[in-house]
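Undergrad:
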Amino acid sequence: MPNRVSIRLDGEYIRATRGQTILEAARANGKFIPSLCAMKGLHPVGACRLCVVEVAGVGRLLPACTTAVQDGMSVTTASEKLRHYRRMILELLFAERNHVCAVCVSNGHCELQALAKRLGVTSVRYPYAFPRLEADLTHPRYVLDHNRCILCTRCVRVCSDVEGAYVWDIGARGVQSRLVCELNVPWGQSENCTSCGKCVQACPTGALAEKGFAAEEMTKRLEPIARLASSRGGRI
Amino acid sequence: MSKARVATVWLDGCSGCHMSLLDIDEAILALAKKADLVYGPLVDAQEFPEEVDITLVEGAVSSQDDLKLVQKIRRRTRLLVSLGDCAVTANVPSLRNSLRPHDLLQTMYVHRVDADPSLPGDGAPPLLRRAVPVHEVVPVDLHLPGCPPKPDAILLVLGEALEGRRPELAGKVVFG
């Protein structure tokens, strides 16, 4: 079976590699598809749905991060319909928790905030839930603030895929879903956490941060994680 | 040509958005030729007037007084602009939303106060259960997020609105 396939991306023919996802093929060809949960070096899960695309002949939208390219596939990555749903998803993320950008450690360096600007979200049409959520300050070096968590599971995956410590998981269901440390213990009591900080760096918002930073001060680096994953033969 | 009637209002916010409005510097002189400021913390009017063309609302809707005022503003304003994150998202004022107003006041005015702890008395407007964005209580025509919004963005909004156009803010402004 040939390793190369041809797909059409917004009408333009591109070459892709069998096994690549639509998102990977699009990015390799300089095409922007918004995403939050997808991250270089981690296996894709399709958690945030921001990367939805239209595939000709398929009656529903598909996440580009978990859909493999197929020879002859025709994909639309930008349309009024997609912009509509992507904005909706972003607004629901903002409405679900307390993303108070102005006082967030990640203000100005946040992927959720940056996407809101890029996709033209200037207000949230849904009533804010204003849930009462806690911050876990028990780890000596890091903070977990559930107010800012979008449940993208990058932290879960970087801890399992790259660090191999399996500290994080998602507990409960639906709107009650929370990031949990091991069997729902305070982070500071974790037996497996190596304090490597990969989860903090991978987090797209201010949900995971280093202690001692004030608003706007927390910046993150994703490249070392991608390099590490790549050097261990992980997915690029 | 008669001048446009512009109002500004300060609900539950820190006045930072008004500071940003003043930060348009000398551009305010050109605006003053096209518009009269008829109400707001920067002028003396006591009552929100009728027939206002543009109102910039700073702050979340947090008290009964805020709610009544913003409803009156909506009735009397053609173009209502939510100015800044507190008006657009409830922002910092919403940090109190997980506490009931009574518990909030007890905490801030009684439990954590050493000298003469007492609840705010007559004249203090009763708090709503939650501080909410303006568009959750009245229809809003334009959202200008930012904490505070950049002076350039405020100038763009006023400049376009005074020419009768709806400014396009998508991609130019951001929360926080």
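Protein chains in written order, with our numbering: chain A, 996 to 1231; chain B, 6 to 181. The beta-carbon is built from N, C-alpha and C at its ideal position, and this holds for glycine as well.
#1: Which whole runs of the beta strand (DSSP E) in the segment 87–171 of chain B are 3 residues long or more, in chain order?
#2: So within the segment 1055–1140 of chain A, which uninterrupted beta strand (DSSP E) runs reach at least 3 residues, ignoring any that extend past its ends?
#3: How many whole angstroms separate the CB atoms of T1200 (chain A) and I1145 (chain A), which I take to be in contact at a CB cut-off of 8 Å?
#4: Which bits of chain A does E63 (chain B) rub up against, with CB to CB less than 9 Å?
#5: Hey, is N998 (chain A)'s beta-carbon within less than 8 Å of any beta-carbon in chain B?
#6: Where H1094 (chain A) and Q1108 (chain A) are concerned, what is the direct C-alpha to C-alpha distance, given to the nearest angstrom?
#7: List, in order along the chain, the chain B residues whose C-beta lies closer than 8 Å to that of S1118 (chain A)?
#8: Counting C-beta neighbours from all protein chains within 10 Å, is the total for V162 (chain B) 16 or more, i.e. buried, or is it exposed?
#9: When you compare the CB of S99 (chain B) with every CB in chain A, is at least one pair closer than 8 Å?
#10: Measuring alpha carbon to alpha carbon, tell me which residue in A:S1030, A:Q1184, A:P1135 is nearest Y1080 (chain A).
#11: Quick check: the segment 1206–1217 of chain A against the segment 61–76 of chain B, are there 3 or more CB pairs under 8 Å?
#12: For the alpha helix (DSSP H) containing C1188 (chain A), list its first residue and its last residue.
#13: With DSSP collapsed to three states, give me the class of I1231 (chain A).
#14: Count the other C-beta atoms from every protein chain shown that fall within 10 angstroms of the C-beta of Y1161 (chain A), then say buried if there are 16 or more, exposed otherwise.
#15: Using a C-beta cutoff of 8 Å, does R1127 (chain A) count as contacting chain B?
#16: Taking 8 Å as the cut-off, does the segment 1213–1229 of chain A touch the segment 35–47 of chain B (at least 3 CB pairs, one atom from each stretch)?
TA: Once the coordinates are examined:
#1: 132–137, 147–149
#2: 1069–1071, 1137–1140
#3: Taking a contact as a CB-CB distance under 8 Å, the pair T1200 (chain A) and I1145 (chain A) counts as one, their CB atoms being some 6 Å apart.
#4: Correct list: empty, because the minimum Cβ distance to chain A is about 13 Å.
#5: no
#6: 9 Å
#7: S87, V93, T94, P138, H140, V145, H148, P150
#8: Counting of Cβ neighbours within 10 angstroms places V162 (chain B) among the buried residues, the total reaching 16 or more.
#9: yes
#10: A:S1030
#11: no
#12: Run containing C1188 (chain A): none; DSSP gives neither H nor E here.
#13: Here I1231 (chain A) scores only 45 on pLDDT, less than 50, and its place in the model should not be relied on; the value that follows carries that caveat. Note: I1231 (chain A) maps to coil in three-state DSSP.
#14: exposed
#15: yes
#16: Contact annotation: the segment 35–47 of chain B does not touch the segment 1213–1229 of chain A, with fewer than three C-beta pairs closer than 8 Å.
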